[in-house]
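Engineer: Please read through the structure below; I'll follow up with questions.
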Amino acid sequence: MYGHTGKILRVNLTKNKIAKEEISEEILRFYIGGKGLGAKILYDELKPNVDPLSPENKLIFSVGPVNGTNIPLSSRYCVTFKSPLTGGYAVS
Numbered sequence: 010m011y012g013h014t015g016k017i018l019r020v021n022l023t024k025n026k027i028a029k030e031e032i033s034e035e036i037l038r039f040y041i042g043g044k045g046l047g048a049k050i051l052y053d054e055l056k057p058n059v060d061p062l063s064p065e066n067k068l069i070f071s072v073g074p075v076n077g078t079n080i081p082l083s084s085r086y087c088v089t090f091k092s093p094l095t096g097g098y099a100v101s
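Start counting the sequence shown at 10; every next residue gets the next number (the working numbering).
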C-alpha cells in the first residue's frame with residue numbers, strides 16, 4: 010500500500026468507543042492523500058442537513074501516503090469537517 014496502513018481508527022467520544030476498520034486498497038488509490046480520503050468519508054457518512062456544531066458532525070484527521078518518509082513536506086496532515094461558518098465542506 011506504499012505508506013498507508015490500510016486501517017482507519019474511529020473514536021466515538023459520545024459512546025467512549027474506539028474501533029479499527031480495514032479500508033480497501035482501491036479506495037486508498039482512488040482518493041489519494043488526506044484531503045481525498047477525508048472528503049470521501051465525509052461525503053459518504055455525513056447527512057447533508059446535519060448541524061456543523063452537533064455531535065453528528067465528523068472531525069476527520071488524515072494523512073497522505075508518503076507521510077513519515079524523508080520526502081520534503083510529507084509530514085503534513087488534514088482535518089476535514091463540515092464548517093460552522095459556511096455549512097459546507099472544509100479542510101484545514
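The beta carbon of each residue, even a glycine, is placed where N, CA and C say it ideally should be.
Tell me the residue span of the beta strand (DSSP E) that contains L22.
Structural biologist: Taking the sequence shown and counting its residues from 1, the one referred to as residue 22 is at position 13. Where L22 is concerned, there is no enclosing beta strand (DSSP E), given that its DSSP letter is neither H nor E.
Engineer: Kindly indicate which three-state DSSP category E35 falls into: helix, strand or coil?
Structural biologist: Translated into the one-based positions of the sequence shown, residue 35 becomes position 26. In this structure, E35 counts as helix in the three-state DSSP scheme.
Engineer: Should the stretch 62 to 69 be regarded as contacting the stretch 83 to 98, the criterion being three or more beta carbon pairs within less than 8 angstroms?
Structural biologist: The answer is yes - the stretch 83 to 98 touches the stretch 62 to 69, with three or more Cβ pairs under 8 angstroms.
Engineer: Just to confirm my understanding: we take I50, look at its own chain, exclude 5 residues before and 5 after, and list those with CB closer than 6 angstroms. What are they?
Structural biologist: One-based indexing of the sequence shown puts residue 50 at position 41. Hits under 6 angstroms: I69.
Engineer: So, under 8 angstroms CB-CB, L18 and K26 are touching, yes? Tell me the CB distance rounded to an integer number of Å.
Structural biologist: For the purposes of this step, residue 18 is identified with residue 9 of the sequence shown, where counting begins at 1. For the purposes of this step, residue 26 is identified with residue 17 of the sequence shown, where counting begins at 1. In fact, because the Cβ distance is near 11 angstroms, the residues do not count as touching under 8 angstroms.
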